[in-house]
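Undergrad: So the sequences go chain by chain: W and C.
Just so it is clear: in the first sequence, position 352 is 380 by my numbering, and no numbers are missing.
Just so it is clear: in the second sequence, position 378 is 406 by my numbering, and no numbers are missing.
Even for Gly, the Cβ is constructed at its ideal location relative to N, Cα and C.
All figures in this text were calculated on a predicted structure; none of them were measured in a lab.
Quick one: the structure is below, and I'll ask about it shortly.
2 protein chains.
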Amino acid sequence: MTLTTTRALDELKQVSAELFDLGRIAELLEWDQETMMPPKGVPWRAEQLATLKGILHERLTAPRVGDLLKQVEDEGGQLSDVDAAIVREMRRAYDREVKLPAELVRELARATSEALATWRRARAEASFALFADDLARVVELKRQVAEHVGYRAEPYDALLDEYEPGMTAAELETMFANLRAETVALLDEIRRAPRQVDRSVFEREYDLDAQWRFGQEVLRWIGYDFEAGRQDKSTHPFCTHFGTGDVRITTRLHPRDLGQALFGSMHEGGHAMYEQGIGPSVQRSVIGSGVSLGVHESQSRLWENCVGRSRAFWEYALPRARELFPSQLADADVDTVWRAANKVEPSFIRVEADEVTYNLHIALRFEVERKILRREVETKDLPTLWNESMTQMLGITPANDAEGVLQDIHWASGLVGYFPTYSLGNLYAAQIWAAIGRDLPDRDARIAAGDFGPILAWLRDRIHQHGGTYLPADLIERATGERPNARYLSAYLRAKYAAVYGFAAS
Amino acid sequence: MTLTTTRALDELKQVSAELFDLGRIAELLEWDQETMMPPKGVPWRAEQLATLKGILHERLTAPRVGDLLKQVEDEGGQLSDVDAAIVREMRRAYDREVKLPAELVRELARATSEALATWRRARAEASFALFADDLARVVELKRQVAEHVGYRAEPYDALLDEYEPGMTAAELETMFANLRAETVALLDEIRRAPRQVDRSVFEREYDLDAQWRFGQEVLRWIGYDFEAGRQDKSTHPFCTHFGTGDVRITTRLHPRDLGQALFGSMHEGGHAMYEQGIGPSVQRSVIGSGVSLGVHESQSRLWENCVGRSRAFWEYALPRARELFPSQLADADVDTVWRAANKVEPSFIRVEADEVTYNLHIALRFEVERKILRREVETKDLPTLWNESMTQMLGITPANDAEGVLQDIHWASGLVGYFPTYSLGNLYAAQIWAAIGRDLPDRDARIAAGDFGPILAWLRDRIHQHGGTYLPADLIERATGERPNARYLSAYLRAKYAAVYGFAAS
Chain W
29 MTLTTTRALD
39 ELKQVSAELF
49 DLGRIAELLE
59 WDQETMMPPK
69 GVPWRAEQLA
79 TLKGILHERL
89 TAPRVGDLLK
99 QVEDEGGQLS
109 DVDAAIVREM
119 RRAYDREVKL
129 PAELVRELAR
139 ATSEALATWR
149 RARAEASFAL
159 FADDLARVVE
169 LKRQVAEHVG
179 YRAEPYDALL
189 DEYEPGMTAA
199 ELETMFANLR
209 AETVALLDEI
219 RRAPRQVDRS
229 VFEREYDLDA
239 QWRFGQEVLR
249 WIGYDFEAGR
259 QDKSTHPFCT
269 HFGTGDVRIT
279 TRLHPRDLGQ
289 ALFGSMHEGG
299 HAMYEQGIGP
309 SVQRSVIGSG
319 VSLGVHESQS
329 RLWENCVGRS
339 RAFWEYALPR
349 ARELFPSQLA
359 DADVDTVWRA
369 ANKVEPSFIR
379 VEADEVTYNL
389 HIALRFEVER
399 KILRREVETK
409 DLPTLWNESM
419 TQMLGITPAN
429 DAEGVLQDIH
439 WASGLVGYFP
449 TYSLGNLYAA
459 QIWAAIGRDL
469 PDRDARIAAG
479 DFGPILAWLR
489 DRIHQHGGTY
499 LPADLIERAT
509 GERPNARYLS
519 AYLRAKYAAV
529 YGFAAS
Chain C
29 MTLTTTRALD
39 ELKQVSAELF
49 DLGRIAELLE
59 WDQETMMPPK
69 GVPWRAEQLA
79 TLKGILHERL
89 TAPRVGDLLK
99 QVEDEGGQLS
109 DVDAAIVREM
119 RRAYDREVKL
129 PAELVRELAR
139 ATSEALATWR
149 RARAEASFAL
159 FADDLARVVE
169 LKRQVAEHVG
179 YRAEPYDALL
189 DEYEPGMTAA
199 ELETMFANLR
209 AETVALLDEI
219 RRAPRQVDRS
229 VFEREYDLDA
239 QWRFGQEVLR
249 WIGYDFEAGR
259 QDKSTHPFCT
269 HFGTGDVRIT
279 TRLHPRDLGQ
289 ALFGSMHEGG
299 HAMYEQGIGP
309 SVQRSVIGSG
319 VSLGVHESQS
329 RLWENCVGRS
339 RAFWEYALPR
349 ARELFPSQLA
359 DADVDTVWRA
369 ANKVEPSFIR
379 VEADEVTYNL
389 HIALRFEVER
399 KILRREVETK
409 DLPTLWNESM
419 TQMLGITPAN
429 DAEGVLQDIH
439 WASGLVGYFP
449 TYSLGNLYAA
459 QIWAAIGRDL
469 PDRDARIAAG
479 DFGPILAWLR
489 DRIHQHGGTY
499 LPADLIERAT
509 GERPNARYLS
519 AYLRAKYAAV
529 YGFAAS
């Protein structure tokens with residue numbers, strides 16, 4: 029590399045670090061809005077986010093950045109994996125962002141900040157009508173984003189690409205068609221199974237403070253570092269990070285559901301440990317976070333489901349849970365609690381869905397979002413479409429909008445085209461879980477002994493430390509030895525639910 | 029005004045709004061660091077603040093801003109008060125900031141963010157040695173700021189001017205000399221007074237949760253809007269604002285001092301109500317906050333001292349306090365509690381000092397800061413200088429650094445030359461309080477009836493709504509009919525303490 033190119037690379041990395049900082053600052057403003065901000069702060073926060081995101085846009089799309097990228101790309105053949113990835117991600121972000129007018133970026137920041145406040149109110153009152161206008165405004169702006177960014181087949185692709193680079197709506201359509209068919213078949217077997225599962229042990233009266241302590245204790249077991257994070261309460265659980273040293277999670281508690289806060293905490297803890305495990309060589313750069321939403325979700329789902337809903341986990345966790353909840357768990361044995369944690373049952377709330385029906389929730393959102401973007405449905409008619417789809421796919425109909433179309437925060441945040449990454453996460457998680465099983469033959473015995481360290485160490489080594497160095501499919505291949513594929517998810521679900529419900533796995 | 033000038037003014041106001049937003053964002057990062065952030069977040073937050081303040085600097089000092097200012101100043105004779113003030117403040121900030129290298133601004137942001145974390149640790153361990161290097165770094169950077177900004181007489185002036193425009197160290201020297209002489213005389217009278225005051229009623233065991241609720245209730249009485257703010261706990265109480273709709277305060281609680289959290293809450297509440305009362309015409313601009321630190325402090329001291337430590341206040345507050353603390357206050361009457369709230373006694377902690385000795389605490393800091401900047405003392409020798417000055421001025425010697433040189437957060441934040449504004453605040457507060465007394469002859473009867481609204485309304489009308497439209501001395505004159513002067517503070521202190529201690533006022 030010539031000296032000029034070395035200097036260009038250094039300057040590019042300086043911009044990359046600054047963009048990382050600005051992105052983290054925006055996340056802090058949003059975290060604060062969800063957890064701490066008083067109600068009258070809304071319009072002020074909206075302006076702050078608009079200003080900040082306007083500046084982020086302006087700095088990323090500065091002509092100087094284009095010149096630097098060109099210089100490095102033309103001459104920089106000998107880059108390390110990390111430097112090459114920084115250049116690749118700067119290029120991707122630059123190409124995407126130069127197509128967006130600054131005013132659209134600011135307007136979207138303002139609109140989503142306000143929509144978040146409206147959504148929270150609408151959800152509390154279970155009234156979609158309150159939220160309809162704000163959502164229409166966000167969707168219209170996202171449509172404009174798609175048009176500016178451009179796409180080959182349909183606007184959905186332009187939005188999806190931001191969350192899972194290279195993925196298309198058409199590919200997802202096939203994936204969901206297969207998942208749906210398999211899910212329907214599996215649900216049928218479960219319905220006809222010799223043993224049925226009783227979830228009532230989870231649905232007793234559980235003291236909220238004790239639940240809170242239990243969740244924090246489990247987070248410590250699995251390796252979440254409270255010196256580099258904190259847990260708070262919010263309407264919708266989430267994880268956010270302001271650098272590797274400050275990765276925060278939130279949860280919500282239900283007085284008659286032990287599972288909600290517990291599995292929610294393990295889920296967000298999984299996301300958080302990914303960010304806490306980003307390696308020093310990629311920190312504070314555009315590749316200094318989880319590589320894609322799909323891979324991110326694989327980490328949360330792995331801890332929530334593969335670990336938290338395993339029989340081995342409850343061998344370890346039940347005695348401790350019984351100390352906190354002696355009367356509620358007096359009569360419960362490991363099998364009862366483990367099966368209860370895995371009861372399959374159509375339900376309204378995605379984040380509380382069992383692993384089998386979960387992907388149907390995502391398939392539904394994928395179809396609804398596509399229809400919105402294609403203008404095949406008007407915003408105001410969304411509750412009707414939602415409820416009809418729920419009835420058709422899951423055989424149940426929400427009683428109100430809070431347990432229907434209003435349940436998720438995503439659209440209010442402008443996250444349209446994001447949901448499918450949840451099913452991709454399940455797919456990756458199953459493949460990773462199988463690989464861990466091969467590398468750690470005593471994996472389940474260790475879990476049963478409360479020794480979660482080797483699993484986290486495996487994930488740190490194969491996934492976390494790399495941040496965005498490798499593209500998702502490449503990272504999964506490096507970690508597991510195979511390109512991502514759905515076979516592991518199918519096998520995992522069949523084997524698990526055969527064991528839970530007592531039917532033959534093959 | 030020509031069309032070009034109108035457009036230049038509009039653009040300047042756009043920049044002013046954006047600078048306001050960026051300033052508020054920086055405040056949020058700092059608030060979060062003090063109240064919420066986990067320990068390993070420190071280096072990340074430091075980088076975020078450095079990046080953000082670097083951008084703030086860059087945008088304020090853009091050549092375009094200089095051009096716009098010139099254009100408007102050359103032609104803009106017919107500006108409204110508000111527009112003229114925006115131009116005046118942009119000019120002041122621009123002239124100051126163009127003299128500072130961007131790297132110095134970023135370095136100071138980084139250094140203070142780190143010093144804050146170190147100070148908190150050092151204070152907890154009562155060990156100045158832990159903090160000495162961080163402080164030396166901050167002081168050195170502030171010295172560089174003073175050199176870049178420039179000054180006529182001494183470096184102190186360059187720093188002071190940022191907090192109280194136009195004020196000089198020489199003027200303060202005179203003010204403090206007078207205040208010291210009067211204070212010494214008053215202390216002598218108090219020492220010889222026929223009645224001595226017993227503070228023990230405040231020093232019983234007060235439940236922390238009940239104290240917290242009492243503080244919040246008092247804040248509601250006086251008009252702090254919890255819909256536009258929140259209260260949290262922190263090592264050092266402070267007020268910060270992210271726009272008129274989001275003004276937050278913190279407090280700290282002492283299990284054996286009813287006064288600490290109560291008067292601290294009224295103090296920070298006074299600051300907060302100023303920011304909550306900024307009028308729509310100046311909001312979201314460079315004049316959209318309190319005009320100076322001195323005027324800001326007048327608002328906090330007025331509510332803390334003129335209201336909270338008045339006999340009328342305790343006529344109203346004592347019955348309610350007795351409901352929360354029945355055993356502790358069973359034997360206390362209004363006079364006992366009121367006098368206890370006003371006991372004069374040399375003490376170590378500034379924020380807990382009585383109104384008479386308070387200004388000696390400030391005089392001490394003013395002298396120490398001047399010596400630091402003049403290099404008449406080395407950072408490592410500060411504890412010695414501090415303790416000797418305390419002994420000389422107040423006749424008491426701190427037992428450790430936590431109750432001495434480490435007690436205040438200011439230097440860690442880079443606030444050098446800031447403390448004198450506290451005494452200016454006392455001076456303004458007494459003058460304002462006298463004016464309110466003239467305009468509301470039944471002021472004290474209203475306080476005794478819990479009717480604080482007219483006082484807040486007066487302050488909203490005469491002070492708060494204007495934000496930074498008028499310079500401090502002009503604002504005080506508009507509000508009270510007189511230029512700021514120390515006569516009211518002298519008269520107020522003599523009259524009050526004569527009543528408390530039972531000697532003749534004149």
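Of the residues W:Ala477, W:Ala139, W:Ala476, W:Val229, which one's Cα is nearest the Cα of Gly442 of chain W?
TA: As a position in the first sequence, residue 442 of chain W is number 414, starting the count at 1. The shortest C-alpha separation from Gly442 of chain W is found at W:Ala139.
Undergrad: Considering only residues of the same chain and omitting the five flanking positions on each side of Ser342 of chain W, which have a CB-CB separation below 8 Å?
TA: The residue given as residue 342 of chain W occupies position 314 in the first sequence. What sits at residue 342 of chain W in the sequence shown is Trp, not Ser. Once the five neighbours on either side are set aside, the close Cβ partners of Trp342 of chain W are Val362, Val365, Trp366, Ala369.
Undergrad: Which of the three DSSP states is assigned to Arg276 of chain C in this structure?
TA: Taking the second sequence and counting its residues from 1, one reaches residue 276 of chain C at position 248. It is a strand residue.
Undergrad: Would you say Gly495 of chain C and Ile277 of chain C are within 7 Å of each other, going by their C-beta atoms?
TA: If you number the second sequence from 1, residue 495 of chain C lands on position 467. If you number the second sequence from 1, residue 277 of chain C lands on position 249. No; because the gap between Cβ atoms is not below 7 Å, this pair is not in contact.
Undergrad: Could you tell me the alpha carbon to alpha carbon distance between Ala519 of chain C and Leu247 of chain C, rounded to whole angstroms?
TA: Within the second sequence, the letter at position 491 stands for residue 519 of chain C. Within the second sequence, the letter at position 219 stands for residue 247 of chain C. Taking the straight line joining both Cα atoms gives about 28 Å.
Undergrad: For Ser228 of chain C and Leu207 of chain C, what's the separation of their Cα atoms in angstroms?
TA: To locate residue 228 of chain C, count along the second sequence from 1; it is residue 200. To locate residue 207 of chain C, count along the second sequence from 1; it is residue 179. So the two alpha carbons sit approximately 29 Å from each other.
Undergrad: Applying a beta-carbon distance threshold of less than 7 Å, which residues of chain C neighbour Thr79 of chain W?
TA: One-based indexing of the first sequence puts residue 79 of chain W at position 51. Correct list: Glu46, Asp49, Leu50.
Undergrad: Exposed or buried, which one is Gly194 of chain C when buried takes at least 16 other CB atoms within 10 Å?
TA: In the second sequence, the residue the question calls residue 194 of chain C occupies position 166. So Gly194 of chain C ends up on the exposed side.
Undergrad: Roughly how many whole angstroms lie between the Cα atoms of Ala145 of chain C and Glu39 of chain W?
TA: In the second sequence, the residue the question calls residue 145 of chain C occupies position 117. In the first sequence, the residue the question calls residue 39 of chain W occupies position 11. So the alpha carbons of these two residues sit roughly 30 Å apart.
Undergrad: Please classify Leu31 of chain C as buried or exposed, where buried requires at least 16 other C-beta atoms within 10 Å of its C-beta.
TA: Working through the second sequence from its first residue, we reach residue 31 of chain C at position 3. Looking at its Cβ environment, which holds fewer than 16 other Cβ atoms inside 10 Å, Leu31 of chain C is exposed.
Undergrad: Kindly list the residues whose CB is nearer than 8 Å to the CB of Gly478 of chain C, restricted to its own chain and excluding five residues on each side of it in sequence; keep chain order.
TA: Position 450 of the second sequence, counted from the start, is the residue given in the question as residue 478 of chain C. Cβ neighbours of Gly478 of chain C beyond the five flanking positions: Trp249, Tyr344.
Undergrad: For Leu169 of chain C, which residues of its own chain have a beta-carbon under 8 Å away from its beta-carbon, when the five flanking residues on both sides are left out?
TA: In the second sequence, residue 169 of chain C corresponds to position 141, counting from 1. Here the set comprises Leu132, Glu135, Leu136, Ala139, Gly442.
Undergrad: If I measure Cβ to Cβ from Ser451 of chain C and keep anything under 6 Å in the same chain, skipping five residues before and after, which residues do I get?
TA: By one-based count along the second sequence, residue 451 of chain C stands at place 423. Asn387, Ile390.
Undergrad: Taking the C-alpha atoms as reference points, what is the distance between Val43 of chain C and Pro308 of chain C?
TA: On the second sequence, position 15 is the one that residue 43 of chain C refers to. On the second sequence, position 280 is the one that residue 308 of chain C refers to. Between Val43 of chain C and Pro308 of chain C, the C-alpha separation is close to 18 Å.
Undergrad: Specify the secondary structure class of Thr508 of chain C as computed by DSSP and reduced to three states.
TA: Counting from 1 along the second sequence, the entry for residue 508 of chain C is found at position 480. DSSP places Thr508 of chain C in helix when its eight states are reduced to three.
Undergrad: Show which residues of chain W have a CB atom less than 7 Å away from the CB atom of His68 of chain C.
TA: By one-based count along the second sequence, residue 68 of chain C stands at place 40. Looking at the sequence provided, one finds Lys at residue 68 of chain C rather than His. Residues of chain W passing the Cβ test: Glu255, Ala256, Gly273, Asp274.
Undergrad: Is there a Cβ from chain W that is less than 7 Å from the Cβ of Trp72 of chain C?
TA: Sequence index remark: in the second sequence, residue 72 of chain C carries index 44 (1-based). True, the Cβ-Cβ gap to chain W drops below 7 Å.
Undergrad: Specify the secondary structure class of Thr268 of chain C as computed by DSSP and reduced to three states.
TA: Residue 268 of chain C sits at position 240 when you count from the first residue of the second sequence. If DSSP states are grouped into helix, strand and coil, Thr268 of chain C belongs with the strands.
Undergrad: What span of residues does the beta strand (DSSP E) with Asp260 of chain W cover, start to end?
TA: To locate residue 260 of chain W, count along the first sequence from 1; it is residue 232. Asp260 of chain W -> beta strand (DSSP E) spans 259-261.
Undergrad: Which residues in the same chain as Thr34 of chain C place their Cβ atom closer than 6 Å to its Cβ, once the five residues preceding and following it in sequence are excluded?
TA: By 1-based counting over the second sequence, the position of residue 34 of chain C is 6. Cβ within range, chain order: n/a, list empty.
Undergrad: Helix, strand or coil for Asp429 of chain C? Go by DSSP, reduced to three states.
TA: The residue labelled residue 429 of chain C in the question sits at position 401 within the second sequence. In the structure shown, Asp429 of chain C sits in a helix (DSSP, three-state: H, G or I).
Undergrad: Select from W:Ile218, W:Glu431, W:His324, W:Phe376 the residue whose C-alpha is nearest the C-alpha of Ala533 of chain W.
TA: The count along the first sequence starts at 1 and reaches residue 533 of chain W at position 505. Selected option, being the one with the closest Cα: W:Ile218.
Undergrad: Along chain C, in chain order, which residues have C-beta atoms closer than 8 Å to that of Glu75 of chain W?
TA: Working through the first sequence from its first residue, we reach residue 75 of chain W at position 47. In chain order: Ala45, Asp49, Gly271, Arg312.
Undergrad: Shortest alpha-carbon distance to Ala427 of chain W belongs to which of W:Gln420, W:Val405, W:Arg398, W:Phe376?
TA: Along the first sequence, one-based indexing puts residue 427 of chain W at 399. The option with the nearest alpha carbon to Ala427 of chain W is W:Phe376.
Undergrad: How many angstroms separate the CA atom of Glu245 of chain W from the CA atom of Ser293 of chain W?
TA: For this step, residue 245 of chain W is matched to residue 217 along the first sequence. For this step, residue 293 of chain W is matched to residue 265 along the first sequence. Answer to the nearest angstrom: the Cα atoms are 10 Å apart.
Undergrad: For the segment 503-523 of chain C against the segment 449-465 of chain C, do three or more pairs of beta-carbon atoms, one drawn from each stretch, fall closer than 8 Å, so that the two count as touching?
TA: Flag = yes, the segment 503-523 of chain C and the segment 449-465 of chain C touch.
Undergrad: Taking the alpha-carbon positions, what's the Val444 of chain W to Leu163 of chain C distance?
TA: Taking the first residue of the first sequence as 1, we reach residue 444 of chain W at position 416. Taking the first residue of the second sequence as 1, we reach residue 163 of chain C at position 135. Near 48 Å, if we compare the C-alpha coordinates of Leu163 of chain C and Val444 of chain W.
Undergrad: Find the nearest neighbour of Thr508 of chain W within the set W:Trp461, W:Leu499, W:His492, judged by alpha-carbon distance.
TA: Position 480 of the first sequence, counted from the start, is the residue given in the question as residue 508 of chain W. For the residues W:Trp461, W:Leu499, W:His492, the minimum Cα distance to Thr508 of chain W belongs to W:Trp461.
Undergrad: Could you compute how far the alpha carbon of Cys334 of chain C sits from the alpha carbon of Leu487 of chain C?
TA: Taking the second sequence and counting its residues from 1, the one referred to as residue 334 of chain C is at position 306. Taking the second sequence and counting its residues from 1, the one referred to as residue 487 of chain C is at position 459. Whole-angstrom Cα-Cα distance: 14 Å.
Undergrad: 7 Å is my cut-off, CB to CB: does Ile53 of chain W come that close to chain C?
TA: Counting from 1 along the first sequence, the entry for residue 53 of chain W is found at position 25. Closer than 7 Å: yes.
Undergrad: Between the C-alpha atoms of Arg171 of chain W and Tyr184 of chain W, what's the straight-line distance to the nearest angstrom?
TA: In the first sequence, residue 171 of chain W corresponds to position 143, counting from 1. In the first sequence, residue 184 of chain W corresponds to position 156, counting from 1. Their backbone Cα atoms lie some 9 Å apart in a straight line.
Undergrad: On the three-state DSSP scale, how would you describe Asp226 of chain W?
TA: For this step, residue 226 of chain W is matched to residue 198 along the first sequence. Residue state, collapsed to three classes: coil.
Undergrad: Tell me which residues share the same chain as Glu192 of chain W and place their Cβ nearer than 8 Å to its Cβ, disregarding the 5 neighbours each side in the sequence.
TA: For the purposes of this step, residue 192 of chain W is taken as the residue at position 164 of the first sequence. Hits under 8 Å: Ser320, Leu321, Gly322, Pro448, Thr449, Leu452, Pro500.
Undergrad: Helix, strand or coil for His389 of chain W per DSSP?
TA: Residue numbering aside, residue 389 of chain W sits at position 361 when the first sequence is read from its first letter. His389 of chain W falls in the helix class under three-state DSSP.
Undergrad: Would you mind sorting Pro469 of chain W into buried or exposed? The rule is 16 or more other CB atoms within 10 Å of its CB.
TA: Translated into the one-based positions of the first sequence, residue 469 of chain W becomes position 441. Result: exposed.
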